[in-house]
Each structure stands twice: as structure tokens, then as C-alpha cells.
Amino acid sequence: MIAVKDLLFSYKGQNLPTLKNISFRIDDQEIFGFLGPSGAGKSTTQKVLTGVLKNYRGSVMLRGREVNNISRKFYENIGVAFEFPNLYLKFTALENLELFASFYQCEKYDAEELLQRVGLWEDRNLRVEAFSKGMRMRLNFIRSILHKPRLLFLDEPTAGLDPVNARMLKDFILELRDKGTTVFLTTHNMNDADELCDRLAFMIEGQLPIIDTPEKLKLQHGKKTVKVKYRLNGQPETKEFELKELGANNEFLSIINKAEIETIHTQEATLEDIFIQVTGKQLA
Amino acid sequence: MLLKITKYDILFQFKQGFYLVYGILSLIYILILFNLPGDVRTEVTAYLILSDTTIIGLTFVGALVLLEKQQNVLQSLFITPLKLSTYLAGKMLSLVFISLIVSAVIGFIPGGMIGNWLWTLVAVILSSMFFTFFGLGISAGANSLNDYLAGTILGGLILGAPVALFFIWPEISVVFPVNATIDLMITPPEVQSVKGIIADVSVLICWNILGYLFARYQFKKYVLER
Chain A
6 MIAVKDLLFS YKGQNLPTLK NISFRIDDQE IFGFLGPSGA GKSTTQKVLT
56 GVLKNYRGSV MLRGREVNNI SRKFYENIGV AFEFPNLYLK FTALENLELF
106 ASFYQCEKYD AEELLQRVGL WEDRNLRVEA FSKGMRMRLN FIRSILHKPR
156 LLFLDEPTAG LDPVNARMLK DFILELRDKG TTVFLTTHNM NDADELCDRL
206 AFMIEGQLPI IDTPEKLKLQ HGKKTVKVKY RLNGQPETKE FELKELGANN
256 EFLSIINKAE IETIHTQEAT LEDIFIQVTG KQLA
Chain B
519 MLLKITKYDI LFQFKQGFYL VYGILSLIYI LILFNLPGDV RTEVTAYLIL
569 SDTTIIGLTF VGALVLLEKQ QNVLQSLFIT PLKLSTYLAG KMLSLVFISL
619 IVSAVIGFIP GGMIGNWLWT LVAVILSSMF FTFFGLGISA GANSLNDYLA
669 GTILGGLILG APVALFFIWP EISVVFPVNA TIDLMITPPE VQSVKGIIAD
719 VSVLICWNIL GYLFARYQFK KYVLER
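Residue numbers (the working numbering), protein chains in the order written: chain A, 6 to 289; chain B, 519 to 744.
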């Protein structure tokens, strides 16, 4: 679906390139996460992939075509939801969807069905200026998928959403993936990345030092131990054990059998730990 | 797609209150014209129609694009199959539409227009188109109303200079859009020559081509490839 090779991009008037020979591949029906701190080059990458920035070096193939040569018609296949909702504030939710729907010739979702799906049906005739941040985000999301795009770019899709709506949106994204959509997800949110992404890329200073699945990353970078919190004779205690041959560890077995166990957790690394470990930078 | 985007541009202008402002301005114009003696009414009507398509049109097209920039919608519009030419044409048609209505109202009701209505209509359409393209070009590069006003004042001085030039060097002044528009509007039908009409219309068409290319260049540079 997307094949990027040795992508180098510099903004006019800048000596150093923003993207430094990055290469990656995104397969059909994959959710590919792009993680990195502000200014790392995530938005620039998205702009190159969506054909907004054209003066790049290297190769960027989208569905077999070089991005530099795509026509406006190609945008029938692409959906983009930016981090900050881009909506006509004086228009109602329905008017916003109808306007954007009019740009596409392809088969589309029914706008009213989408509004119902994300819980905005009751507010469909309300001007967007009266919407909360969360409502705007949900409208922004359905506007980006209105034309059933094969390739979807999402930037922080759950920002500003309450946990219930964030869950609903994540389930929707997974459902789209299962129906055949490829998703390029840019986020700071490690939980979203962990839950949604089939593979992740860490971007730092215009480079991609790591691309892998969340599971492999957590296994590679985590400690292979289990931490047990328990009470023995009323006293709180904590102990950590190697996972290797845990079943033959007498001390661990004794605690399990005799103590009052409060919590027991394996100590795999979080994505945030791995990011800091690999890049030496905090995600912010 | 063009009709749809024009419809939504008109709706956008209506919801942003542009039509209310136009309505109030038209009412003021009509009151002024009714209180003028018949012999100056024709010229004043022509200048008011011209100011409607130039100054007011320019202000409104700038506000329109700046509001779209402020609401960040331009970014989303141009990652759809919408062509830049369709976007520019939609803005142009929606503003020509309102200019025509206002021109008809202030031209007809006080009865000040004595020129040929067909050529007045052509003049309004062509000058409104040009000033819309010009305003679109300036607004593409502007980030604030101050930027926009600075750009339009500078452009207005260049484009408006021929009004003064008209008295010094009339032969040259006719190649500027303002004079061609006025000429088409106020020349009485019995005096209007085919040659003169062709010259005025050709001048306005040339300015429209330049205006469109300017708007297109500016949007590509400051909006699409940013």
C-alpha cells in the first residue's frame, strides 16, 4: 500500500533536512503507528505521504504510484483527520458532511448513519461552533472516512475524547482496518498505539531508529521478571522473580501458597519506557 | 461539484453575515441616490456599482478566505479531489452573484442607470470577477486582516491610479480595469461604439486572466504547498 524509500525532505531556507533518508513499508489492512515528540518530523512525513509537500528526494509510492505524480482524483482513496478539527464553524454538522461529501464521486457512507454511530445524531442540525472539543473530534473523524477511503491518515484521533467515546472511536478504527482500510496513525498516546497498531515506528529528529510490532518491542526491551505484592503476617512485602523456571522457584511457590497475594505482574516494558530507552527523549 | 461549492460558498457568506452587511449598504446607497439631483445620479450610480464590485467585493473576499484560514478548513479542502480551479471559481461565482444583485438593486430602484443594461451587466460581472481573483490572490498570502488590507491598499493604488491618469493621459488609462468598467457602464447607448465595447471587454478579459493566474499562483505557493 505505502512504500517509502530513502525519503529526504528539507523545507526551503533550512540547512538541515527535516526527514533524513527514512524508509518504511505499510501493508494493506495494517494500522501503522508513527510515534515521536513534537518537531520530530511526523507531520512533515504525513504531508509528504498525502501529496501536500512534493519537493522530496527518494521514493514514496502509494498504491503503486509515486506521490509526486498523483492527480486530484487520487484523493478519492485518501482520508485525513488532522489533530485539530478543520470544520466550518457556522455550518451544522450535517452541512459540513454534505459539503465534503460533494467533493467525492466514489461510493460513500450515509452521513446520517455515521452521525448516529458516533453519537452526534441529536446534534446534527447544531452549528459546529456550539460543539465541544470532543464532539468536533468525532465529527472530524467521520468527515475523514465519509468516502470510504482505502488509506486513512489519523493524527491524535482520540485527543479530547472522554474514555467512552475514545473506546468507541478505537473500535471504529479497528473495524475499518478489518474491512480493508490501511491506517497511518500519528500519536503521542501510548495506550492508543499499543491497542491499535499492528506495527510502530519511532521517529526522532527526522529518522526512524525502530520499526516493529508493539509485542516484540515490549518483549525485547522489558525485564523478564514478575513482581509480587503480598502480605505475610499482616506485613506488606514486595518481591521480584526471574520468569525463567519460575515454577521451580521455591521462594515464589512458598509466597503463592502461604501469603495473601495483593498483586502479581510481569514486568514487560511500556512503549513509553522503550521510546525513552531507544531515543533518549521524552514523548511530549 | 462547482455548483455545490458555489452553493456552500453562498451559504457560508450568508451565515457569516455578509448578506446582512450588503443589504444595509444597498439601502444606504439607495437613500443617497434618491436624494441626488437627476443629472449627477447616473455617474454616482456607476461609481457606487464600481465601488461595490471593487472595494466591498475585495473586503469580502479577503474576509472569506481569512475566515476559512482561521477555521483551518483550507487544509482539509485540498486533500480532497477538489481542484484549485473549482475552489477559485466557486468563490468567484458566489461573489459575482451577490454583486449582480446589489448592482441591479442600486441601478434599477433609484433609476440612475442610463447606459446599456447588457453592457452594465457585463461590466459588473467582469470587474467583480477580476477583483475577486485579485482579492483571492492577496488573501492567500495574508495571515491577518492587517496583512490583507496592506496588500489590497498597495494593489488598489496601482489599479486605482489610472482614475487620476484618466485626466492626464486618457489613451493609456483605458487599459486599466477600473476605467474600462466605468466606460462600459456610463456611456449612453446612442454614443457607445462597437469598437469601444470590444476594447473595454477585451481589457477586462485580459485582467481577468492575469487575476486568475495571480490567485492560482498565490494559492499554490501559500496554501497548497505550505
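In this text, a Cβ means the ideal position worked out from N, Cα and C, and glycines have one as well.
Keep in mind that this is a model prediction, so the values were computed, not measured.
Practice task
Consult DSSP for Asp788(B) and reduce its assignment to one of helix, strand or coil.
Solution key: Summary: the structure shown does not reach residue 788(B), with chain B confined to residues 519 through 744, and so no result is reported for it.
Problem - Where the alpha helix (DSSP H) through Val562(B) begins and ends - result: For the purposes of this step, residue 562(B) is identified with residue 44 of the second sequence, where counting begins at 1. Judged by DSSP secondary structure, Val562(B) falls within the alpha helix (DSSP H) whose first and last residues are 556-569.
Problem - Beta-carbon proximity check, Ile616(B) vs Phe578(B), cutoff 9 Å - result: The residue given as residue 616(B) occupies position 98 in the second sequence. The residue given as residue 578(B) occupies position 60 in the second sequence. In contact: Ile616(B) and Phe578(B) (Cβ atoms closer than 9 Å).
Exercise for the section: Determine whether the Cβ of Asn91(A) lies closer than 9 Å to any Cβ atom of chain B. Expected result: Looking up residue 91(A) in the first sequence gives position 86. At least one chain B Cβ lies under 9 Å of Asn91(A).
Exercise for the section: Using the Cα positions of Pro695(B) and Leu92(A), report the straight-line distance between them to the nearest angstrom. Expected result: As a first step, residue 695(B) must be located in the second sequence, where it is residue number 177. As a first step, residue 92(A) must be located in the first sequence, where it is residue number 87. Distance between the alpha carbons of Pro695(B) and Leu92(A): 36 Å.
Exercise for the section: Tell me where the alpha helix (DSSP H) around Gly41(A) begins and ends. Expected result: Here residue 41(A) is taken as the residue at index 36 of the first sequence, counted from 1. Unbroken run through Gly41(A): none, as it is neither H nor E.
Exercise for the section: Kindly indicate the opening and closing residues of the beta strand (DSSP E) around His270(A). Expected result: Residue mapping note: residue 270(A) aligns to position 265 of the first sequence, counting from 1. Counting along the chain, the beta strand (DSSP E) containing His270(A) begins and ends at 265-271.
Practice task
Compare the C-alpha of Gly84(A) against each of Ala274(A), Ser149(A), Ile178(A), Ile269(A) and name the closest.
Solution key: Working through the first sequence from its first residue, we reach residue 84(A) at position 79. If we check each option's Cα against that of Gly84(A), Ser149(A) comes out closest.
Problem - Rounded Cβ spacing between Thr650(B) and Met703(B) (contact assumed at less than 8 Å) - result: Residue 650(B) sits at position 132 when you count from the first residue of the second sequence. Residue 703(B) sits at position 185 when you count from the first residue of the second sequence. With 8 Å as the limit, Thr650(B) and Met703(B) do not qualify as a contact, their Cβ atoms being about 18 Å apart.
Exercise for the section: Output the residue ranges of the alpha helix (DSSP H) runs that lie fully inside the region 604-659 of chain B and measure 4 residues or longer, sorted by chain position. Expected result: 635-659
Practice task
Helix, strand or coil for Phe578(B), going by three-state DSSP, please let me know.
Solution key: Mapped onto the second sequence, residue 578(B) falls at position 60. It is helical.
Exercise for the section: Under 8 Å between beta-carbons, which chain B residues line up against Thr55(A)? List them in chain order, please. Expected result: Mapped onto the first sequence, residue 55(A) falls at position 50. Neighbours of Thr55(A) in chain B, taken as residues at a C-beta separation under 8 Å, are given in chain order as Ile597.
Exercise for the section: Check whether the region 531-539 of chain B touches the region 595-606 of chain B, taking contact to mean three or more Cβ pairs, one atom from each stretch, closer than 8 Å. Expected result: no
Handout entry: Partners in chain A for Met519(B), counting only beta-carbon separations shorter than 8 Å
Key = By 1-based counting over the second sequence, the position of residue 519(B) is 1. Going along chain A in sequence order, the residues near Met519(B) (Cβ under 8 Å) are Ser107, Phe108.
Problem - Beta carbon proximity, Val591(B) to chain A, threshold 9 Å - result: The sequence position of residue 591(B) within the second sequence is 73, counting from 1. Interface residue, yes.
Handout entry: Residues that DSSP places opposite Ile83(A) in a beta bridge
Key = As a working note, residue 83(A) is residue 78 in the first sequence. In DSSP, Ile83(A) forms a bridge with Leu156(A).
Handout entry: Same chain, Cβ closer than 8 Å to Glu35(A), neighbours up to 5 away in sequence not counted
Key = Reading the first sequence from its first residue, position 30 is the one you call residue 35(A). Cβ within range, chain order: Met6, Arg182, Thr187, Val188, Asp203, Arg204.
Exercise for the section: Give every residue of the same chain whose Cβ lies closer than 7 Å to the Cβ of Phe105(A), excluding the five residues on either side of it in the sequence, and list them in chain order. Expected result: Numbered from its first residue, the first sequence carries residue 105(A) at position 100. Apart from the 5 residues on each side of it in sequence, Phe105(A) sits with its Cβ closer than 7 Å to the Cβ of Arg148, Leu151 in its chain, given in chain order.
Problem - Cβ neighbours of Gly252(A) in the same chain (closer than 7 Å, five flanking residues each side left out) - result: Translated into positions along the first sequence, residue 252(A) becomes position 247. No residues qualify anywhere along the chain.
Handout entry: Ala206(A) vs Phe29(A) beta-carbon contact at 9 Å
Key = The sequence position of residue 206(A) within the first sequence is 201, counting from 1. The sequence position of residue 29(A) within the first sequence is 24, counting from 1. In contact: Ala206(A) and Phe29(A) (Cβ atoms closer than 9 Å).
Problem - Pro241(A) in three-state terms, based on DSSP - result: Here the question's residue 241(A) lines up with position 236 in the first sequence. Reduced to three states, the DSSP call for Pro241(A) is strand.
Exercise for the section: Output the distance between the C-alpha atoms of Ala698(B) and Leu639(B), rounded to the nearest integer angstrom. Expected result: In the second sequence, the residue the question calls residue 698(B) occupies position 180. In the second sequence, the residue the question calls residue 639(B) occupies position 121. In a straight line, the C-alpha of Ala698(B) is about 13 Å away from that of Leu639(B).
Practice task
Return the first residue and the last residue of the beta strand (DSSP E) that Lys10(A) is part of.
Solution key: Locating residue 10(A) in the first sequence gives position 5, counting from the first residue. Where Lys10(A) is concerned, the enclosing beta strand (DSSP E) stretches over 7-14.
Problem - DSSP beta-bridge partners of Met66(A) - result: Residue 66(A) sits at position 61 when you count from the first residue of the first sequence. Answer is Ala8(A), Glu71(A).
Handout entry: Of the residues Leu190(A), Phe96(A), Leu119(A), the one placed nearest Leu131(A), counting alpha carbons only
Key = Taking the first residue of the first sequence as position 1, residue 131(A) is located at position 126. Per the Cα distances, Phe96(A).
Exercise for the section: State the CB to CB distance for the pair Gly653(B) and Gly535(B), rounded to an integer number of angstroms; the pair is presumed to be in contact (CB under 8 Å). Expected result: In the second sequence, residue 653(B) corresponds to position 135, counting from 1. In the second sequence, residue 535(B) corresponds to position 17, counting from 1. At roughly 18 Å, the Cβ-Cβ gap does not stay under 8 Å, so Gly653(B) and Gly535(B) are not in contact.
Problem - Segment contact, 8 Å Cβ cut-off, at least three pairs: the region 731-743 of chain B with the region 54-72 of chain A - result: yes
Practice task
Would you give the residue range spanned by the beta strand (DSSP E) that Ile597(B) belongs to?
Solution key: Reading the second sequence from its first residue, position 79 is the one you call residue 597(B). Counting along the chain, Ile597(B) falls outside any beta strand (DSSP E), and DSSP gives it neither H nor E.
Handout entry: Presumed contact (8 Å Cβ cut-off) between Gly165(A) and Gly124(A), rounded CB distance
Key = By 1-based counting over the first sequence, the position of residue 165(A) is 160. By 1-based counting over the first sequence, the position of residue 124(A) is 119. Rounded, the Cβ-Cβ distance is 14 Å, inconsistent with contact.
Exercise for the section: Quickly, what does DSSP pair Leu205(A) with across the bridge? List them, please. Expected result: Locating residue 205(A) in the first sequence gives position 200, counting from the first residue. As a beta-bridge residue in DSSP terms, Leu205(A) pairs with Gly38(A), Asp217(A).
Problem - Stretch-stretch touch, CB-based, cutoff 8 Å, three pairs: the region 67-75 of chain A with the region 222-229 of chain A - result: no
Handout entry: Of the listed residues Glu245(A), Asn255(A), Asn262(A), nearest to His270(A) (C-alpha basis)
Key = Here residue 270(A) refers to the residue found at position 265 when the first sequence is read from its first residue. The option with the nearest alpha carbon to His270(A) is Glu245(A).
Problem - Nonlocal neighbours in the same chain, by C-beta distance under 7 Å from Glu118(A), ignoring five residues either side - result: Position 113 of the first sequence, counted from the start, is the residue given in the question as residue 118(A). Excluding positions up to five away in sequence, the list is empty.
Exercise for the section: Tell me, please, whether the CB atom of Tyr61(A) is closer than 9 Å to any CB atom in chain B? Expected result: As a working mapping, residue 61(A) is identified with position 56 in the first sequence. Residue-level contact by beta carbon fails for Tyr61(A) and chain B, as no gap is shorter than 9 Å.
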